[in-house]
Amino acid sequence: RYQDLQKEVSDFTQAEEKLDELITKCNLQLRLLTEDTQNKKLGYVMCQDLRKSFDSPDQLVMVIRAPPETQMQVSEPSEGYQVSLKSTQGPIDVFLCPED
Amino acid sequence: AQECQNLEVEKQKRLKRIRQKRSQLEELILQQIAFKNLVQRNKVSETSSLAPPPSGSVIQLPFIILNTDVRTVIDCSISSDKCEYLFNFDNTFEIHDDIEILKRMGMSLGLESGKCTADNLVVAKSLVPRSLETYVIGMARGTSQISSFTGD
Amino acid sequence: RTRILVSIGESFGTSDKFQKINAMVNSSDRSLKRSLDMSSAPKPLKRL
């Protein structure tokens, strides 16, 4: 039983190392993908895509486009629903997705 | 017996970490597939319409979405340099990131819910490196990769 | 007041941070009270 357990723990160790390696690779691939100039230009959604993503028509959809490392703070709702945004790398764009 | 007990504890800890890392890896694979699909869709659309869409109708990634009931009263304060915003709502709201919107648009081919058709599985596999294919197949079937390690 | 602080503005990343926010905002009984008095005529809507 001891030897079986040793074998299993060793298998899991290898499995975990393999996952770590794949996660690192995937993060790098994703970063290269999103930083590619052509992909940056083609990485957009249309307003109607957003509309379709919210099935109920009585939803107001607000879009927030912020520079990297913008801090968003959401307060505990016991005294009101409050969201604050603070950017240190440039202006934040906030707009409503039109209904039609 | 004590050493067996210690190994059993160690085994459970690793199993838990493997599960967490596997779902982290699956999320990254979903994001990669969704983004590539979105770029592909827009490329085809621009090629067929021979022009990019009007700038006012597109929302460039990255973005986040805040949605609330249309009757919600929103009190908004903005600093003059637009670097600080304060919103007060009188009702609940939800916040979603761009990847969640791409999933709702079907850009991740149903992999996140294990409802990927055979055709979409072919497309999904073509969008990731070979080393990740087994994870894509596992997601398409809604099966856990962990079973190949624990036999359960 | 407890609050959740997240960093936004980067492409992708872990999306479960918003799940925690949505769970917190939609869990409070305040929304229950609000829906109870939703029967009152909707207030004039302010636009951004």
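Protein sequences appear in the order of chains A, B and C. Start counting the first sequence at 26; every next residue gets the next number (our numbering). Start counting the second sequence at 223; every next residue gets the next number (our numbering). Start counting the third sequence at 978; every next residue gets the next number (our numbering). Here a beta-carbon is modelled for each residue, glycine too, at the ideal position from N, C-alpha and C.
Within the region 91-112 of chain A, A91, P92, P93, E94, T95, Q96, M97, Q98, V99, S100, E101, P102, S103, E104, Y106 place their CB atoms closer than 7 Å to a CB of chain C, listed in sequence order. Bounds of the beta strand (DSSP E) holding D291/B are 286-291.
Secondary structure note for I317/B: its beta strand (DSSP E) is the uninterrupted segment 315-319. About 5 Å separates the CB atoms of L349/B and K258/B; that is less than 8 Å, so the two are in contact.
Within 8 Å of the CB of T59/A, the CB atoms of chain C belong to S988, F989, in sequence order along the chain.
The continuous alpha helix (DSSP H) containing D74/A extends over residues 72-78. Relative to F285/B, the option among N1003/C, E987/C, A1000/C, D993/C whose CA is nearest is E987/C. In this structure T290/B touches L85/A by the C-beta definition: roughly 5 Å separates them, less than 8 Å. Collapsing the DSSP output to three states places F989/C in coil. For L44/A, the enclosing alpha helix (DSSP H) stretches over residues 27-60. At a cut-off of 8 Å between beta-carbon atoms, R56/A makes no contact with chain B. A contact between stretches requires three or more CB pairs, one per stretch, nearer than 8 Å, and the region 325-345 of chain B meets this requirement with the region 245-260 of chain B. In the three-state DSSP reduction, K111/A falls in the strand class (E or B).
Going by DSSP, I240/B is part of the alpha helix (DSSP H) stretching over 224-271. Look at S270/B: its C-beta is not under 8 Å from any C-beta on chain A. Between the alpha carbons of S271/B and P102/A lies a gap of roughly 46 Å.
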